[in-house]
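Chemist: This is the structure, below, for whatever I ask next.
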RNA sequence: UCGGGGCUAUCCAGG
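In the working numbering, the protein residues as written are 75 to 310.
Quick look at the structure:
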């Protein structure tokens, strides 16, 4: 079972959901781990609906989901924007006899509310969260970025620094995305610079894209052009 | 004792 699950996961990572399913179907003893592996595979490869069905099937078989299982199921709810399912799953988690909510699961719960449009609920849970990792901040920053609230994104970014959490590439992708889409052009270049100089993160193509777009919209065409030209001299 | 599964952004694809 262990080897089969590892194989299933490998197929998933290679992008072959079909092969992953085949392995799963042929397995004799299906434990929570292999169910979770397949649920994750479905949720990530755009078949989130099937992920939820698998979850129900798993429970119907009397298997008790653990933290990773619930984390995957909530990721599926989030990608489907299915708030009622998400809430139902959340309720089950809270009903568990033992406390199974770890840091990752808590992030997944917050993300589910955020993606399903319940920003207030997500924010309340985030504020109450005890140990906030960089991923926790990324979840809430992405939420405000996508709902078009660049001011809050900036506040959260500052809050992150105050709390000593390190922003990463993903954090800055969300931040620059927020500024760009909301037409807030002043802070973008400041953050882009801080990303490199204060946090030692080298810009990825998505960061450059955001910046070039943002500078263009701001009418700072000379700076946009300068950035583009600087790219042409990079070894690649 | 050890071992297989879990959350976040952009783009792309799908719709």
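Every residue gets a Cβ at the ideal spot worked out from N, C-alpha and C, and that includes glycine.
1. Tell me the DSSP secondary structure of residue 239 in three-state form.
2. Just mark residue 276 as buried or exposed, buried being the case when its beta carbon has 16 or more other beta carbons within 10 Å.
3. Quick one: grab the DSSP three-state call for residue 84.
4. Please name the residue, chosen from 140, 259, 226, that lies closest to residue 170 on a Cα-to-Cα basis.
5. Helix, strand or coil for residue 186 per DSSP?
6. Using the three-state DSSP reduction, which class does residue 231 fall into: helix, strand or coil?
7. Would residue 279 be called buried (16 or more neighbouring beta carbons within 10 Å of its own) or exposed?
8. According to DSSP, is residue 93 part of a helix, a strand, or is it coil?
9. Judging by CA-CA distance, which residue of 161, 289, 174, 272 is the nearest neighbour of residue 263?
10. Only counting the same chain, and skipping five residues up and downstream in sequence, which positions put a Cβ closer than 6 angstroms to that of residue 292?
11. Rounded to the nearest angstrom, what separates residue 261 and residue 253 at their Cα positions?
12. Considering residue 202, what are the terminal residues of the alpha helix (DSSP H) in which it resides?
13. Which residues in the same chain have their Cβ closer than 7 angstroms to the Cβ of residue 164, if we skip the five residues on either side of it in sequence?
14. Can you find the residues in the same chain that come closer than 7 angstroms, C-beta to C-beta, to residue 206, ignoring five residues on each side of it along the sequence?
15. For residue 132, count neighbouring Cβ atoms within 10 angstroms of its own Cβ and tell me buried if that reaches 16, exposed if not.
16. How big is the Cα-Cα spacing for residue 265 and residue 105?
Modeler: So, to answer that:
1. As a working note, residue 239 is residue 165 in the first chain. The answer is coil: DSSP assigns residue 239 none of H, G, I, E or B.
2. Walking along the first chain from the start, residue 276 turns up at place 202. Exposed, by the Cβ-count rule.
3. Taking the first chain and counting its residues from 1, the one referred to as residue 84 is at position 10. Helix, per DSSP.
4. Your numbering for residue 170 matches position 96 in the first chain. When only C-alpha atoms are compared, the closest one is 140.
5. In the first chain, the residue the question calls residue 186 occupies position 112. Note: residue 186 maps to helix in three-state DSSP.
6. Within the first chain, numbered from 1, the residue matching residue 231 stands at position 157. Looking at residue 231 - three-state DSSP - the assignment turns out to be helix.
7. In the first chain, counting from the first residue as 1, residue 279 sits at position 205. By the neighbour-count rule (16 or more Cβ atoms within 10 Å), residue 279 is not buried but exposed.
8. As a working note, residue 93 is residue 19 in the first chain. Helix.
9. The sequence position of residue 263 within the first chain is 189, counting from 1. For residue 263, the nearest C-alpha among the options comes from 289.
10. Translated into positions along the first chain, residue 292 becomes position 218. Correct list, in chain order: 259.
11. As a position in the first chain, residue 261 is number 187, starting the count at 1. As a position in the first chain, residue 253 is number 179, starting the count at 1. In a straight line, the C-alpha of residue 261 is about 7 angstroms away from that of residue 253.
12. Looking up residue 202 in the first chain gives position 128. Where residue 202 is concerned, the enclosing alpha helix (DSSP H) stretches over 193 to 202.
13. Translated into positions along the first chain, residue 164 becomes position 90. Excluding residues within five positions, the ones whose Cβ falls inside 7 angstroms are 183.
14. Here residue 206 refers to the residue found at position 132 of the first chain. Answer for residue 206: 237, 239, listed in chain order.
15. Taking the first chain and counting its residues from 1, the one referred to as residue 132 is at position 58. It counts as buried.
16. Along the first chain, one-based indexing puts residue 265 at 191. Along the first chain, one-based indexing puts residue 105 at 31. So the alpha carbons of these two residues sit roughly 46 angstroms apart.
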